[in-house]
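All residue numbers for the sequence shown refer to full-length UniProt numbering, where the first residue is 1 and numbers rise by one.
Don't be surprised by glycine CBs; every beta carbon is placed ideally from N, CA and C.
Only a predicted model underlies this, so the values are computations on that prediction, with no experimental measurement involved.
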Amino acid sequence: MKWRWKPKECDLPLFDPYEFLYLVRGKSMAFVGDSVSRNHVQSLICLLSRVEYPEDDSRQQDFNFQRWIYKTYNFTIATFWTTHLVRSEETGPTSPNSFYNLYLDEPDPSWASQIVEFDYIIISSGQWFFRPLFLFDKQKRIGCLYCYIPGVRNVGAHFAYRRALRTTFKTILGLENFKGEVFLRTFAPSHFEDGEWDKGGNCLKTRPSRSNETELEGMNLETHSIQLDEFRIANRDKSKNKGLNLRLLDVTQVQLTHGTIFY
Numbered sequence: 001m002k003w004r005w006k007p008k009e010c011d012l013p014l015f016d017p018y019e020f021l022y023l024v025r026g027k028s029m030a031f032v033g034d035s036v037s038r039n040h041v042q043s044l045i046c047l048l049s050r051v052e053y054p055e056d057d058s059r060q061q062d063f064n065f066q067r068w069i070y071k072t073y074n075f076t077i078a079t080f081w082t083t084h085l086v087r088s089e090e091t092g093p094t095s096p097n098s099f100y101n102l103y104l105d106e107p108d109p110s111w112a113s114q115i116v117e118f119d120y121i122i123i124s125s126g127q128w129f130f131r132p133l134f135l136f137d138k139q140k141r142i143g144c145l146y147c148y149i150p151g152v153r154n155v156g157a158h159f160a161y162r163r164a165l166r167t168t169f170k171t172i173l174g175l176e177n178f179k180g181e182v183f184l185r186t187f188a189p190s191h192f193e194d195g196e197w198d199k200g201g202n203c204l205k206t207r208p209s210r211s212n213e214t215e216l217e218g219m220n221l222e223t224h225s226i227q228l229d230e231f232r233i234a235n236r237d238k239s240k241n242k243g244l245n246l247r248l249l250d251v252t253q254v255q256l257t258h259g260t261i262f263y
């Protein structure tokens with residue numbers, strides 16, 4: 001089965017790896033985010049393999065922080081793992097029920113300290129904000145998610161996500177020597193049916209969903225709306241860094257039509 005995404009009223013050409021590598025010759029591209037971001041870069045490397053296999057150019061032995069270089073084109077791809085975009089700390093062993101401390105006014109240094117050297121930055125995140133959280137601002141705890149502790153305000157996940165996105169954009173806009181392009185890749189809703197991805201869920205569609213058969217609602221709608229809001233605010237404020245370009249890669253709707261085993 002060969003499905004192809006075609007945006008409404010847009011004749012989107014097939015991806016051409018030769019043309020892509022020609023356009024990015026001498027450039028560098030960073031993917032900042034969680035496993036969705038990692039899947040994105042792995043897919044790109046797979047598509048480019050028709051032309052060339054990259055060489056490992058990683059600066060550390062960590063699966064979450066890798067670099068590859070296409071020597072023929074002097075093009076570098078890098079991944080920067082970050083669960084929440086802002087600085088975070090696990091309070092116990094990793095599990096769906098363990099709490100994270102989130103410092104909403106501090107960017108995650110794992111990406112913020114290195115991003116200035118890249119020409120293109122692709123940011124994606126969202127899924128980790130629906131886990132238990134303790135939220136901090138200026139080193140002071142201002143609330144939580146799912147903690148139910150007397151005297152601690154229980155706020156929604158979207159409060160934390162909005163603040164994290166705003167800090168991310170503020171950090172990038174404040175980079176004096178960064179003159180590249182930043183893409184915000186929008187939220188990817190779950191497309192699994194009859195269970196979560198790790199609890200028996202699957203997607204058994206035999207054809208793509210039509211535009212009138214899918215609708216954003218609830219958590220997905222609010223997450224997507226926050227991304228659009230914060231992107232508009234950052235785009236308005238980018239005059240502080242005139243050499244920087246902000247772009248929106250809105251893939252939320254197409255994710256609702258995602259197929260799996262029949263691809």
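Reduced DSSP secondary structure (H/G/I, E/B, other) of residue i
i, result
"Asn177", "coil"
"Thr171", "helix"
"Gly156", "coil"
"Pro107", "strand"
"Phe129", "helix"
"Leu248", "strand"
"Glu89", "strand"
"Ala164", "helix"
"His258", "Any reading at His258 needs caution, since the residue's pLDDT is 49, under 50, leaving its predicted position unreliable; the model's value is listed next. Three-state DSSP puts His258 in coil, outside helix and strand."
"Glu117", "helix"
"Leu30", "What sits at residue 30 in the sequence shown is Ala, not Leu. DSSP places Ala30 in strand when its eight states are reduced to three."
Buried versus exposed call for residue i [16 or more other C-beta atoms within 10 Å across all chains shown]
i, result
"Asp108", "buried"
"Ile149", "exposed"
"Leu165", "buried"
"Thr223", "buried"
"Arg232", "exposed"
"Gln61", "exposed"
"Tyr100", "buried"
"Cys10", "exposed"
"Arg59", "exposed"
"Pro189", "buried"
"Arg153", "exposed"
"Ser98", "exposed"
"Leu23", "exposed"
"Arg236", "exposed"
"Gly243", "exposed"
"Arg162", "buried"
"Phe178", "buried"
Enclosing beta strand (DSSP E) for residue i [first to last residue]
i, result
"Glu230", "Run containing Glu230: none in the beta strand (DSSP E); it sits in the alpha helix (DSSP H), 218 to 237."
"Leu21", "Here Leu21 belongs to no beta strand (DSSP E); instead the alpha helix (DSSP H) covers 17 to 23."
"Phe80", "75 to 81"
"Lys6", "Run containing Lys6: none; DSSP gives neither H nor E here."
"Ser124", "120 to 124"
"Arg141", "140 to 145"
"Tyr70", "67 to 70"
7 Å Cβ cutoff met for residue i and residue j
i, j, result
"Thr82", "Phe187", "no"
"Leu85", "Thr168", "yes"
"Lys238", "Leu246", "yes"
"Leu133", "Ala112", "no"
"Met29", "Ile69", "no"
"Leu47", "Phe15", "yes"
"Tyr120", "Gly33", "no"
"Arg131", "Glu106", "no"
"His158", "Ile226", "yes"
"Arg185", "Ser124", "yes"
Endpoints, the alpha helix (DSSP H) within which residue i is located
i, result
"Asn39", "35 to 48"
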